[in-house]
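Asker:
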Amino acid sequence: MKAAVEEQSALMELQRIDSAIMAANNRLKNLPEHDQIKAIQTRLAAGAAELAVAEAELADVAIDLRRSEVDVEQVADRMKKDEARLAAGTGSPKDLETLQHELVTLAKRKAELEDGELEIMMRHDAAKEKVATLKSDEEGLVKLELELNIRIENAKTEIAQEIALRQSERTLVLPKIGSELLDLYTKIAAKEGGVGAALLVGNKCDGCHLAINAIEVERIKTLASDEVLRCEECRRILVRI
Ligand SMILES: [Zn+2]
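Adding 1 to a residue's 1-based position in the sequence shown gives its number in the numbering used here.
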């Protein structure tokens, strides 16, 4: 096959454009933000399960706390009544003595209950703090996910613009290539990962990066510049510079 040097150089231009389009599409497919979002979603799911447990714990401790408050209140009420009766001084001395004893017992009981209440309050605070921490972690992750989605949208727009630009460049270069050469390029590109034409750099094909044997190199030197070459290894169109 023959093709003018200008046509062959237009073909290399087409290859550069097509490679750029492929690279852009690859970037689009492999945006790192997709993996980052997946990782965030895994963490969000784990966090949601942890939050559910922490909230259930908080609800339990809240019930314990209320119960303990009621216990303390009941003893305190009982003491108030006893103190009032004692202050009124009604009843026999034996009754008053019994009341005094009861008050001592109640005060001890109240102190014990208050110690228990304090311990539950501490557990309640810790459970509340855990829920708050988990919620704030969740908010942070949701915010990050949102930012990553925005970054993906921006990257998509940017890449789409680049592809559109390359497509218009492609439209300009296509008329410079004859249909026979273009068909050959298209066929090889489809088979060879989008690379249908490669430069001959020194004695190497820039498509498969293999060296061309010395005899072939010598033969190439004798060929006219409009002779279309093929790499013997990868069969790509080989363009001389
Ligand atoms: Zn090759």
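We put the beta carbon where it would ideally sit given N, CA and C, even for glycine.
Between which two residues does the alpha helix (DSSP H) harbouring valine 54 extend?
Answerer: That run of the alpha helix (DSSP H) goes 33 to 89.
Asker: Do the region 193 to 203 and the region 19 to 33 meet, that is, are 3 or more Cβ pairs less than 8 Å apart?
Answerer: Verdict: yes, contact present.
Asker: Under the assumption that glycine 48 contacts leucine 149 (Cβ atoms under 8 Å), give the Cβ distance between them as a whole number of angstroms.
Answerer: That pair is no contact at about 17 Å.
Asker: Hey, is the region 209 to 222 in contact with the region 29 to 38, meaning 3+ C-beta pairs nearer than 8 Å?
Answerer: Judged by Cβ distances under 8 Å, the region 209 to 222 makes no contact with the region 29 to 38, as fewer than three pairs qualify.
Asker: Report whether the distance from the Cβ of glycine 203 to the nearest heavy atom of ligand 1 is below 6 Å.
Answerer: No, the Cβ of glycine 203 stays beyond 6 Å of every heavy atom of ligand 1.
Asker: Just checking, does the region 127 to 144 make contact with the region 44 to 60 on the three C-beta pairs under 8 Å criterion?
Answerer: With the cut-off at 8 Å, the region 127 to 144 and the region 44 to 60 touch.
Asker: For leucine 201, which of helix, strand or coil comes out of DSSP?
Answerer: Leucine 201: strand per DSSP, three-state reduction.
Asker: Alpha carbon to alpha carbon, what distance is there between lysine 109 and glutamate 128?
Answerer: Inspection of the sequence shows that residue 128 is occupied by alanine rather than by glutamate. Cα to Cα, the separation comes out at about 29 Å.
Asker: When you compare the region 4 to 12 with the region 162 to 178, are there three or more beta-carbon pairs, one atom per stretch, that lie closer than 8 Å?
Answerer: Yes, the region 4 to 12 touches the region 162 to 178.
Asker: Where does the unbroken beta strand (DSSP E) through leucine 239 begin, and where does it stop?
Answerer: Its beta strand (DSSP E) spans residues 238 to 241.
Asker: So, with DSSP's three-state summary, where would you put leucine 147?
Answerer: Leucine 147: helix per DSSP, three-state reduction.
Asker: With arginine 167 and isoleucine 41 assumed to form a contact (beta carbons below 8 Å), what rounded beta-carbon distance in angstroms separates them?
Answerer: Contact doesn't hold; Cβ gap of about 32 Å is too wide.
Asker: Verify the contact flag: glutamate 163, CB atom, against every heavy atom of ligand 1, threshold strictly below 6 Å.
Answerer: No, since every heavy atom of ligand 1 falls outside the 6 Å radius drawn around the Cβ of glutamate 163.
Asker: Mind checking whether aspartate 184 and lysine 3 have CB atoms under 7 Å apart?
Answerer: No, the pair does not count as a contact, with Cβ atoms beyond the cut-off.
Asker: Any chance the CB of glycine 244 is under 6 Å from a heavy atom of ligand 1?
Answerer: Any question about residue 244 goes unanswered here, given that the chain covers just 2 to 242.
Asker: From which residue to which residue does the alpha helix (DSSP H) around valine 229 run?
Answerer: It is not in any alpha helix (DSSP H) - valine 229 carries neither H nor E in the DSSP assignment.
Asker: Measure from the alpha carbon of aspartate 83 to the alpha carbon of each residue in Glu70, Val71, Val73, Leu97, then state which is nearest.
Answerer: Selected option, being the one with the closest Cα: Leu97.
Asker: Counting only the same chain and skipping the five closest in sequence on each side, list residues whose C-beta sits under 6 Å from that of arginine 152.
Answerer: Closer than 6 Å at Cβ, skipping near neighbours: Glu34.
Asker: Consider the C-beta atom of glutamate 217 and the heavy atoms of ligand 1; say whether any pair is separated by less than 6 Å.
Answerer: No, the beta carbon of glutamate 217 sits no closer than 6 Å to any heavy atom of ligand 1.
Asker: When every heavy atom of ligand 1 is checked, does at least one fall within less than 6 Å of the C-beta of glycine 197?
Answerer: Glycine 197 Cβ: outside cutoff for every heavy atom of ligand 1.
Asker: For a test of your reading of the model: does the CB of arginine 28 fall under 6 Å from any non-hydrogen atom of ligand 3? Yes or no.
Answerer: This structure lacks ligand 3; its bound ligands are ligand 1.
Asker: What residue range is occupied by the uninterrupted alpha helix (DSSP H) comprising methionine 13?
Answerer: From DSSP, the alpha helix (DSSP H) with methionine 13 extends over 6 to 30.
Asker: With distances taken Cα to Cα, identify the nearest neighbour of glutamate 217 among Cys209, Leu230, Asp207.
Answerer: The shortest C-alpha separation from glutamate 217 is found at Leu230.
Asker: Taking its Cβ as the centre, do 16 or more other Cβ atoms sit within 10 Å of arginine 67, making it buried, or is it exposed?
Answerer: Burial call: exposed.
Asker: Leaving aside the five residues before and after threonine 187 along the sequence, list all residues of the same chain whose C-beta is less than 8 Å from its C-beta, in chain order.
Answerer: Gly197, listed in sequence order.
Asker: Using the DSSP secondary-structure output, state which residues sit across from alanine 212 in a beta bridge.
Answerer: Note: alanine 212 sits in a beta bridge opposite Lys205.
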